[in-house]
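Worksheet: the structure to be examined is printed underneath.
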Ligand code: ADP
Ligand code: 5GP
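Residue numbers (our numbering): 321 to 511.
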């Protein structure tokens, strides 16, 4: 691994604000690029294949697992898999950019183990479980069933905050983004 090959891992329960914070960060800090994960879930309205995710069927996903194409993958919700493709990391590093991951906590812990001090892992902490639920509902992307699965899993995922390098509380969004930007710039600034 070369000196400038770095990765930044955002992990936390669904609804804590990872995507929102990442999209704002990408506009503020140069040379960051989002790692597009593969998933077997269906696209939400407005999501694009090859931009938000590589949307695969369950069989296509399992085929890539069998071919060893993932650095890590997790069945985050029963029957729904998500994974980081090795080719994404290569694609982004070849451009000389830093990789940004948005992954669940198990993926976050695996990626940190793999990349060691080349990696900064950030846990985005919602102010409370109640606020997390409100935000997930407000996003209007889930059915009652998938919302239930996400909230159930969030209770487990919240226990992982101390396994990441830093915790950013996402109460006021601008404060959380500013804090994240400072942490990321500090990490990128040091060799
Ligand atoms: P994640 O990517 O972690 O699943 P999102 O970024 O999709 O979470 O955020 C979940 C919802 O909460 C979105 O509708 C987003 O606009 C909203 N949201 C995120 N951060 C805040 C915040 N600090 N205050 C209020 N709403 C927020
Ligand atoms: P969503 O369905 O809301 O887009 O994502 C659900 C969860 O899957 C989120 O916690 C998200 O971070 C996680 N996720 C997305 N891509 C990956 C990935 O490549 N690997 C892992 N382990 N989790 C992922």
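Positions of the beta carbon are idealized from the N, C-alpha and C atoms, including for glycine.
The closest CA to that of residue 422, considering only 408, 449, 414, is found on 408. When DSSP reads this structure, residue 328 sits in a beta bridge with 420, 440. Nearest to residue 446 by alpha-carbon distance, out of 325, 340, 326, is 340. The straight-line gap separating the alpha-carbon atoms of residue 436 and residue 400 is approximately 28 Å.
Residue 486 is not a Cβ neighbour of residue 434, given a cutoff of 7 Å.
Annotated as proximal: residue 360 and residue 376, with beta-carbon spacing under 7 Å. The Cβ-Cβ distance between residue 358 and residue 427 does not fall below 7 Å. At least one heavy atom of the ligand ADP sits closer than 6 Å to the Cβ of residue 490. When the alpha-carbon of residue 461 is set against those of 348, 332, 353, 363, the nearest one is in 363.
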